[in-house]
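What follows is a short report on a single structure.
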Amino acid sequence: MKRKTALYGLMIALAFILSYLEFLFPLSVGIPGIKLGLANLVVLLCLYRLRTRDALMISLVRILLSGLTFGSITMMLYSLCGGLVSFIAMAVCRYSGRFSVVGVSIAGGVCHNIGQIAAAAVLLSTGEIVWYLPALLIAGLMTGALLGVAARLALPALQRMH
917 MKRKTALYGL MIALAFILSY LEFLFPLSVG IPGIKLGLAN LVVLLCLYRL
967 RTRDALMISL VRILLSGLTF GSITMMLYSL CGGLVSFIAM AVCRYSGRFS
1017 VVGVSIAGGV CHNIGQIAAA AVLLSTGEIV WYLPALLIAG LMTGALLGVA
1067 ARLALPALQR MH
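So the sequence shown is numbered by our numbering: it starts at 917 and just counts up by one.
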């Protein structure tokens, strides 16, 4: 039990640190709101190495901590919506057995942006925000692929440690 608690604390701390790094060094591609989503790398690794509900808990705690520390309530709502939609998509893809870790990560990156646009449409009471979706989907595809490759490289080392 102590080992499990320490591992979960470590994963939350690592995800939080990666969120902090993104806060300090934002990705500037000329389109507001696009991020690498480095903390999602930790969530993806947890999805492969821990129970699904534990990976979800780590994701939610990280979103809440980051939102309270670096953002606003509105930003936290966007992150929660994006994070939940992303997590569900990644879990479904991961356990379907039809996707590689890169495919699972891409699904998560794309669905994160879909969740955030849905939240924005509700919070802003307008569907016009969907014009922004194509740019976000492309960004989610690219960042998801990048993080998926990183996860594919990291998973063998985690398996040797566990």
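Don't be surprised by glycine CBs; every beta carbon is placed ideally from N, CA and C.
For this session: Would you give the residue range spanned by the alpha helix (DSSP H) that residue 958 belongs to?
Result: 955–965
Exercise. Roughly how many angstroms separate the alpha carbons of residue 1027 and residue 1076, rounded to a whole number?
Worked result: 31 Å
Problem set entry | Cα-Cα separation between residue 949 and residue 970, rounded to whole angstroms | Distance between the alpha carbons of residue 949 and residue 970 is about 28 Å.
Problem set entry | 7 Å CB neighbourhood of residue 975 in its chain, flanking five on each side removed | 959, 999 and 1003
Exercise. Which term fits residue 989, buried or exposed, when burial requires 16 or more other beta carbons within 10 angstroms of its beta carbon?
Worked result: Here residue 989 is exposed: its Cβ has fewer than 16 other Cβ atoms, across all protein chains shown, within 10 Å.
Problem set entry | Start and end residues, alpha helix (DSSP H) containing residue 917 | No alpha helix (DSSP H) holds residue 917; DSSP gives it neither H nor E.
Exercise. Who are the near neighbours of residue 951 in its chain, counting only those whose CB is closer than 6 Å to its CB and skipping five residues on each side?
Worked result: 938 and 943
Problem set entry | Option nearest residue 1001 by Cα separation, candidates 1015, 985 and 1020 | 1020
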